[in-house]
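Enquirer: First, the structure itself, so that you have it in front of you.
In our numbering, the protein residues as written are 4 to 389.
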């Protein structure tokens with residue numbers, strides 16, 4: 004009765020909103036026109052460019068690679084370069100600290116092996132080299148080994164995304180817009196990086212760190228970042244070129260979704276966006292799911308339930324534990340019918356637990372028919388709801 008009352012009230016409220024909703028107010032129309040004009044102006048802008056050459060302090064990591072930032076949201080190329088320089092220099096320093104710590108770990112492992120009796124004979128020839136390397140700031144071999152570990156660790160999420168997307172079904176958008184062979188090859192290049200130069204590994208890891216830093220809140224959407232990182236690598240020639248390379252980060256694509264969230268976040272109402280379409284409010288799950296579905300532009304991917312559909316969504320999500328509890332209640336009722344705790348007709352002469360009679364047989368038949376009907380209804384609602 005309570006659910007029926009709530010349903011009637013929600014329907015009445017919805018009808019009242021439809022009947023009483025008039026055309027948009029003048030302020031809303033003016034805001035829409037302003038948004039359309041700003042969008043037109045935004046589309047007419049030429050992207051501003053700024054670049055920086057990656058120059059770490061360790062010579063083994065220097066390869067004359069460059070990172071370029073382009074955006075229509077910034078006023079000039081000098082501003083693009085300033086923002087890129089601030090983010091990149093910070094990320095270079097952070098990444099170099101991690102490399103130095105990994106170098107220390109590599110040396111500690113080698114020293115431990117040298118003092119281990121099981122490996123003394125095998126490492127006898129490397130004693131002079133290890134002593135020399137410990138005297139220097141960092142040997143090229145130590146830097147290479149450390150950078151391989153940091154590279155795999157930094158791009159671990161990207162590898163997972165590549166493996167998942169490359170196994171997508173034929174009807175997926177990923178099959179239509181991405182090269183499956185390139186995805187698998189990039190995944191292999193990251194995991195099997197022992198033959199690649201450390202300077203190239205450093206800049207590849209740095210590009211992701213800079214994208215995370217410039218994207219700010221996009222850190223909450225790792226799948227979207229992986230999608231954009233794949234295109235950044237692909238535009239730079241993939242992960243096969245070992246010479247000086249230029250990596251371009253598109254700030255507009257990187258912030259796609261954040262601009263819409265800044266304008267409208269209510270997932271239950273439609274609002275006219277700068278692109279002229281009426282859309283429901285976005286959240287970070289929609290942005291991240293757009294990366295999983297390989298969508299070029301961020302869009303709404305999940306429609307949040309409202310009103311009575313919340314109850315339906317709850318029942319569908321927890322259908323298994325709910326049915327398990329009903330099965331427990333059914334078992335309790337079956338045991339009660341043979342417990343001799345009630346009158347003779349109800350709880351007596353109904354047979355044993357494994358050899359039921361009379362009411363117990365009828366009870367099993369009713370439960371079987373009810374269980375089949377309930378599951379058929381649940382699966383039908385699930386198919387229609389999804």
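Positions of the beta carbon are idealized from the N, C-alpha and C atoms, including for glycine.
All of these numbers come straight from a predicted model, not from anything done at the bench.
1. Going along the chain, which unbroken runs of the alpha helix (DSSP H) with 4 or more residues stay wholly within the segment 206-232?
2. Checking the sheet assignment: what are the DSSP bridge partners for residue 366?
3. On the CB-based measure, 16 or more other CB atoms within 10 Å of its CB, does residue 239 come out buried or exposed?
4. Which of the three DSSP states is assigned to residue 263 in this structure?
5. Cutting at 7 Å between CB atoms, please list the residues of its own chain near residue 160, excluding the five before and the five after it.
6. Between the C-alpha atoms of residue 111 and residue 81, what's the straight-line distance to the nearest angstrom?
7. Any idea what DSSP makes of residue 384, helix, strand or coil?
8. Straight-line CA distance for residue 210 to residue 70?
9. Pick from 89, 284, 360, 381: whose alpha carbon is nearest that of residue 319?
10. Output yes or no for whether 8 Å exceeds the beta carbon distance between residue 255 and residue 76.
11. Using a Cβ-Cβ cut-off of 6 Å (strictly less than) and excluding sequence neighbours within five positions of residue 385, which residues of its own chain qualify?
12. Please tell me whether residue 68 and residue 213 are closer than 8 Å, where the distance is taken between their beta carbons.
13. Got a sec, what are the start and stop residues for the beta strand (DSSP E) residue 53 sits in?
14. Could you check how far apart the C-beta atoms of residue 366 and residue 336 are, in whole angstroms? I think they sit under 8 Å.
15. Would you mind working out which of 282, 301, 150, 330 sits nearest residue 259, comparing C-alpha positions?
16. Can you tell me whether residue 190 is buried or exposed, with buried defined as 16 or more other CB within 10 angstroms of its CB?
17. Have a look at 231, 313, 288, 311 and flag the residue whose alpha-carbon is nearest the alpha-carbon of residue 304.
18. Helix or strand or just coil, what does DSSP make of residue 29?
19. Report the residue ranges of all alpha helix (DSSP H) runs contained in full by the segment 327-367; include only those spanning at least 4 residues, in chain order.
20. Under a Cβ-count criterion, where at least 16 other Cβ atoms within 10 Å of its own Cβ denotes burial, should residue 202 be classed as buried or exposed?
21. Is the segment 93-102 in contact with the segment 275-286, if contact means three or more CB pairs nearer than 8 Å?
22. Which residues mark the beginning and the end of the beta strand (DSSP E) in which residue 281 is found?
23. Starting from residue 275, trace the beta strand (DSSP E) both ways and give me its first and last residue.
24. DSSP puts residue 286 in a beta bridge; with which residues?
25. Apart from the five residues just before and just after residue 194, which ones in its own chain have a Cβ nearer than 7 Å to its Cβ?
26. Out of curiosity, what's the CA-to-CA distance linking residue 316 and residue 377?
Expert: The answer reads as follows:
1. Positions of the alpha helix (DSSP H) runs, each at least 4 residues long and wholly inside the segment 206-232, cannot be given because no such run exists.
2. Sequence index remark: in the chain shown, residue 366 carries index 363 (1-based). For residue 366, DSSP assigns no beta-bridge partner whatsoever.
3. For this step, residue 239 is matched to residue 236 along the chain shown. With 16 or more Cβ atoms within 10 Å of its Cβ, residue 239 is classed as buried.
4. Translated into the one-based positions of the chain shown, residue 263 becomes position 260. When secondary structure is reduced to three states using DSSP, residue 263 falls in the helix class.
5. Within the chain shown, the letter at position 157 stands for residue 160. For residue 160, where only same-chain residues beyond five positions count, the Cβ hits under 7 Å are 225, 229.
6. Walking along the chain shown from the start, residue 111 turns up at place 108. Walking along the chain shown from the start, residue 81 turns up at place 78. Here the alpha carbon of residue 111 sits roughly 45 Å from the alpha carbon of residue 81.
7. Along the chain shown, one-based indexing puts residue 384 at 381. DSSP places residue 384 in helix when its eight states are reduced to three.
8. For this step, residue 210 is matched to residue 207 along the chain shown. For this step, residue 70 is matched to residue 67 along the chain shown. Each residue's Cα considered, the two are about 7 Å apart.
9. If you number the chain shown from 1, residue 319 lands on position 316. Relative to the Cα of residue 319, the nearest Cα in the group 89, 284, 360, 381 belongs to 381.
10. As a working mapping, residue 255 is identified with position 252 in the chain shown. As a working mapping, residue 76 is identified with position 73 in the chain shown. Going by C-beta atoms, residue 255 is nearer than 8 Å to residue 76.
11. The residue given as residue 385 occupies position 382 in the chain shown. If you ignore the 5 residues before and after residue 385, its C-beta comes within less than 6 Å of the C-beta of 319, all in its own chain and listed in chain order.
12. As a position in the chain shown, residue 68 is number 65, starting the count at 1. As a position in the chain shown, residue 213 is number 210, starting the count at 1. No, the pair does not count as a contact, with Cβ atoms beyond the cut-off.
13. Here residue 53 is taken as the residue at index 50 of the chain shown, counted from 1. Residues 51-56.
14. In the chain shown, counting from the first residue as 1, residue 366 sits at position 363. In the chain shown, counting from the first residue as 1, residue 336 sits at position 333. The C-beta distance from residue 366 to residue 336 rounds to 7 Å, short enough to fall under 8 Å.
15. In the chain shown, counting from the first residue as 1, residue 259 sits at position 256. Taking only the C-alpha atoms, the option nearest residue 259 is 301.
16. Mapped onto the chain shown, residue 190 falls at position 187. Residue environment: residue 190 is assigned as buried (16 or more neighbouring CB atoms within 10 Å of its CB, all protein chains considered).
17. In the chain shown, the residue the question calls residue 304 occupies position 301. If we check each option's Cα against that of residue 304, 288 comes out closest.
18. Taking the chain shown and counting its residues from 1, one reaches residue 29 at position 26. Residue placement at residue 29 is flagged as unreliable, the pLDDT there being 44, under the threshold of 50; a coordinate-derived value is accordingly withheld.
19. Fully enclosed alpha helix (DSSP H) runs of 4 or longer: 347-350.
20. As a working note, residue 202 is residue 199 in the chain shown. Taking all protein chains shown into account, residue 202 has 16 or more neighbouring C-beta atoms within 10 Å of its C-beta and is therefore buried.
21. Because the criterion of three Cβ pairs below 8 Å is not met, the segment 93-102 and the segment 275-286 do not touch.
22. Within the chain shown, residue 281 is the residue found at index 278, counting from 1. Per DSSP, residue 281 belongs to the beta strand (DSSP E) from 281-283.
23. The residue you call residue 275 lines up with position 272 of the chain shown. Under the DSSP assignment, residue 275 falls in the beta strand (DSSP E) whose first and last residues are 273-275.
24. If you number the chain shown from 1, residue 286 lands on position 283. Answer is none; residue 286 lacks a bridge partner.
25. By one-based count along the chain shown, residue 194 stands at place 191. Within the same chain, residue 194 has close Cβ partners 155, 162.
26. For this step, residue 316 is matched to residue 313 along the chain shown. For this step, residue 377 is matched to residue 374 along the chain shown. Distance between the alpha carbons of residue 316 and residue 377 is about 16 Å.
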